[in-house]
Every structure is written in structure tokens, then in C-alpha cells.
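Structure first, then comments.
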Amino acid sequence: MAFYLALEDCTGQQVAELWLGHRDRSYIMADGGYCPVFQQVAWCWECRTFVAAEKLRDLSEIDADEAQARKEHGWFQDTLRGPNDVQPWLMKNTEFLFAEQLAGYARQRAWRRSRQSPPRCLECGSTRIEPMPRDLTNIRHPLTGMTLKLKNVCHASMAIHLLYTPEGERHVSREAPGT
Ligand SMILES: [Zn+2]
């Protein structure tokens, strides 16, 4: 699952389109495990257009995600322990999924601690990028100076699942089918 975004200038002309989606882009780690690529819209001086770029989250953000997941898991387990029949297979299954989730956070932390380079353009790998405001308001085109606005946003899946090295460079030869 990804988001498709298009930007247009004040004359209504589309100036960029891109896809953001941490489920459609992964880092592939040395042990073969996957880690999600968090993304943001940025201007890339190499591509000379707006692109999906890496967003390198702080460890505290990963910790906050895990704390939230633990809370939600606790609520869910409490619900299953309610007055209705407890379904042991369901409990077991959710425990398994939760363990997978925790392993994912541990992988994200290990990746973040080892990451050396600054965020990159996910198209060309350049670090010459300028992240845009998260809400994508008051964006100026760096070349024309025109103010841009969002023309279109929708859910879309990319046709392929893109893989990157832990330093954010494309693994063109190791792409997997899209999700
Ligand atoms: Zn680029």
C-alpha cells in the first residue's frame, strides 16, 4: 500500500508525481531481514523534481511506536479474556504476531543505530535533497519560484516492492513483487 501524490503549480499544471509508502519500500539487512523505509516528500537536486526521500526517524519515535503497539496488544488480550469463550488459538496467534512486531522494532533500532549517511532520494540515491513540510503547504518550486499545491492524493500500490541497502541505496537486482 502506498500513497500517490501529485503537485501542481498556480496555473494548474502538474509539476511532479510520486509515491510514498513504507510498506512498499524496505531496507534489506545483512541477515536478510527487512526493515521499513519511512518516507517524506523532498526536492532532489539531482533528479530536479520532487521525490520520495528517506525520513530517518529518531530512536525515540521507534520507542513510541513500540509503546503504542504494547498498549494496543494489552487491550486486545484483555478483550479476548472477556466473558466470552476464550479462543486459545486466537490468543496464540496474536501472541505470535505481537512477537513478530517486537522483532520488527528491534530490527528498526539496530538499523537506525548503524545508519551512517544522511537521508537520500529514493529514486537516485543522492543526499542533495530538501525535505518539504509534512503537511505540504506553502511549497515553492525551487526552480520556478511558483507556489505549489497538492493536486491529488490517493491510495495506490506500487507494482513492485523496492529494496534498499541499509544506507538507502537501491538494490535494483533484488526487487520483489508489490504488496
Ligand atoms: Zn534524486
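Quick note on the numbering used here: the sequence shown kicks off at 10 and runs consecutively.
All C-beta atoms in this analysis are idealised placements derived from N, C-alpha and C, irrespective of residue type, glycine included.
Bear in mind the structure is a predicted one, so any value in this text is a computation, not a measurement.
Local Cβ density within 10 Å of residue i, reported as buried at 16 or more and exposed below that
i: TRP52; result: buried
i: ASP33; result: buried
i: CYS191; result: Here the chain has residues from 10 to 188 only, and residue 191 is not among them.
i: GLU63; result: buried
i: CYS44; result: buried
i: ILE148; result: buried
i: VAL46; result: buried
i: ASP72; result: exposed
DSSP state of residue i mapped onto helix, strand, coil
i: SER135; result: coil
i: GLN22; result: coil
i: HIS82; result: helix
i: LEU14; result: strand
i: TRP54; result: coil
i: SER69; result: helix
Sub-8 Å separation of residue i and residue j beta-carbons
i: GLU70; j: SER126; result: no
i: ALA61; j: TRP28; result: yes
i: MET155; j: CYS56; result: no
i: PRO11; j: GLY30; result: Contrary to the premise, residue 11 reads as Ala rather than Pro in this sequence. In contact: ALA11 and GLY30 (Cβ atoms closer than 8 Å).
i: GLU26; j: LYS158; result: no
Residue i beta carbon near ligand 1 (any heavy atom closer than 7 Å)
i: CYS53; result: yes
i: SER126; result: no
i: GLU132; result: yes
i: CYS56; result: yes
i: SER35; result: no
i: VAL60; result: yes
i: SER123; result: no
i: SER166; result: no
i: SER135; result: yes
Taking only runs of the beta strand (DSSP E) that begin and end inside the segment 111-158, which ones reach a length of at least 3 residues, in chain order? The qualifying runs are 138-140.
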